Structure formats: C-alpha cells, structure tokens
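Under the working numbering, read the sequence shown as residues 238 to 456, first letter to last. To keep things clear, I will list the structure first and then write my remarks on it.
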Amino acid sequence: MADKWVWAPVACVALLAIAFACMSKFVPAPTPHPPKKPVLALEVPASDAEVAALLATKDAQASALANTRWDYWFIAAYTLLFLAMAWQQRDLGLRIAAMVLALAAAAFDVWEDLIIERFIRAPDHAHASEVWFPAQAKWFCIFAGVALTALLFARLGRWWWIAFAIVLIVPALVGAAAAIARIRPLLELTIDPTMELFALAALVWPFAAKLARAIRPAA
238 MADKWVWAPV ACVALLAIAF ACMSKFVPAP TPHPPKKPVL ALEVPASDAE
288 VAALLATKDA QASALANTRW DYWFIAAYTL LFLAMAWQQR DLGLRIAAMV
338 LALAAAAFDV WEDLIIERFI RAPDHAHASE VWFPAQAKWF CIFAGVALTA
388 LLFARLGRWW WIAFAIVLIV PALVGAAAAI ARIRPLLELT IDPTMELFAL
438 AALVWPFAAK LARAIRPAA
C-alpha cells in the first residue's frame with residue numbers, strides 16, 4: 238500500500254517549503270546578547286527575564302504574534318510530511334509509532350504556541366517554565382520521528398543507504414538528547430542539519446524505494 242504513496246513525501250516537502258517561506262520572522266527586542274535562534278529562545282527560554290527582554294517592545298510582540306499565528310500552518314505542513322514518511326514504513330509497528338510521534342509533535346507544538354501567545358500578551362508576567370515541557374516534548378518527538386525515518390533507509394540493505402541512515406540518525410539522536418536535557422546551544426546546532434537531512438530523505442525516498450525494488454530481483 239505504501240507504494241501508491243511513495244511520492245507523497247515530495248509533495249509534502251513542497252508544502253512545507255511554501256509554509257516556511259511565507260512565515261513572518263520574529264524580530265526580538267534588542268538585547269546585549271541576541272539569541273542565535275529567537276523563536277527557539279521563546280520555546281526554551283532560560284528565565285522569565287529572558288522572555289520579558291525578548292518581548293520588551295511593541296514591534297517585538299507584533300512580530301512574535303505574527304510568527305506564532307502562522308506557525309499553525311507550518312505545524313500542519315510538517316505533520317503531513319512526517320505522516321507521509323511514516324506511511325512508507327513496511328513494519329506496522331514502526332508505522333504506527335512514527336504516526337503517533339508526528340501527531341504528538343503537532344499537539345505539543347500547538348500547546349507551546351498557545352503558551353507563547355500568553356507570553357506575548359503579558360511578557361512581564363511570563364513564567365518560562367510553563368513552556369519548557371511542551372517545547373521539549375515537541376522537539377523530542379520530531380527528532381525521534383527523524384530517527385525512525387533513518388530506519389527506512391537502513392532497511393534497504395545497501396551500504397550507501399545504510400551510510401545515509403547513519404548520517405541522518407546521528408544528529409537526530411543528539412537533538413533528542415538535547416531536547417530531554419533542555420540544552421539550547423545543542424538544539425541550535427542540531428535542528429537545522431537534522432531538518433535539512435530529513436527533507437532530503439523525503440525527496441530521495443521515492444528514488445531509493447524504486448531502486449531497491451529494481452535491484453532486489455537480481456540479488
């Protein structure tokens with residue numbers, strides 16, 4: 238059944254790219270030490286004071302609100318991509334696990350956004366710890382979903398796909414550990430490469446699956 242949907246991840250990557258391109262940028266208020274990833278700083282802030290500092294101006298609040306509201310569309314897009322990749326799993330248990338992770342990530346992300354919207358409305362009364370759990374859980378589910386995707390390629394059996402699976406799974410596991418431990422600098426280092434590799438995996442998968450079927454009869 239997965240064969241009928243082998244190109245679905247490619248379409249979902251296109252949707253995700255559109256959602257990302259249209260997303261408003263969060264421009265935080267000036268601080269002595271600007272965060273490398275302002276949105277991530279709101280998701281896993283170090284303290285109540287950091288939240289207040291990032292949202293100290295009306296312009297910062299407006300840009301944060303625009304970014305957060307568009308994020309719901311972004312959540313829908315990446316959830317579809319994770320579900321599309323989950324559907325490629327041959328093993329029913331892995332397929333269900335990947336789907337559960339995708340839906341859980343989306344649910345935690347919505348929860349996180351609702352808390353951030355509260356921060357925006359009253360930054361001086363924000364409690365950073367309120368957003369930690371949904372943010373950490375979201376990122377853990379996302380990284381775990383990427384790790385399961387790596388198994389798709391490892392199961393193709395060829396050394397080059399196994400090598401790609403290793404390249405994909407290593408930053409995902411590091412990111413998952415960083416999410417659990419709430420180590421923001423490590424999250425900053427792992428999010429972009431992991432998500433870029435995941436998008437690449439989705440684009441490559443249809444060709445990998447077809448090549449595997451073509452080679453298998455001759456093996």
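Every residue gets a Cβ at the ideal spot worked out from N, C-alpha and C, and that includes glycine. Values in this document were obtained by computation on a predicted structure and should not be read as measured data.
So, helix, strand or coil for residue i, using DSSP?
i, result
"proline 271", "coil"
"arginine 358", "helix"
"methionine 336", "helix"
"proline 430", "helix"
"serine 366", "helix"
"aspartate 328", "coil"
"proline 282", "coil"
"tryptophan 244", "coil"
"phenylalanine 263", "coil"
"alanine 455", "Reliability fails at alanine 455, whose pLDDT of 45 lies under 50, so the model's placement of it is uncertain and the value that follows must be treated cautiously. Reduced to three states, the DSSP call for alanine 455 is helix."
"leucine 448", "helix"
"arginine 421", "helix"
"leucine 393", "coil"
"leucine 292", "coil"
"valine 441", "helix"
Specify, as a first and last residue, the run of the alpha helix (DSSP H) that residue i falls within.
i, result
"isoleucine 406", "396-418"
"threonine 316", "295-323"
Assuming residue i contacts residue j (C-beta within less than 8 Å), just tell me the rounded distance between them.
i, j, result
"glutamate 287", "alanine 365", "7 Å"
"tryptophan 310", "alanine 256", "5 Å"
"glycine 382", "phenylalanine 319", "5 Å"
"leucine 405", "alanine 415", "In fact, because the Cβ distance is near 16 Å, the residues do not count as touching under 8 Å."
"alanine 278", "aspartate 361", "With a Cβ gap of about 17 Å, alanine 278 and aspartate 361 do not count as contacting."
"threonine 386", "alanine 436", "That pair is no contact at about 11 Å."
"glutamate 349", "valine 337", "About 18 Å; that fails the 8 Å criterion."
"leucine 292", "isoleucine 357", "6 Å"
Could you check whether the Cβ of residue i sits closer than 9 Å to any Cβ belonging to chain D?
i, result
"proline 443", "The structure shown contains no chain D; it is built from a single protein chain."
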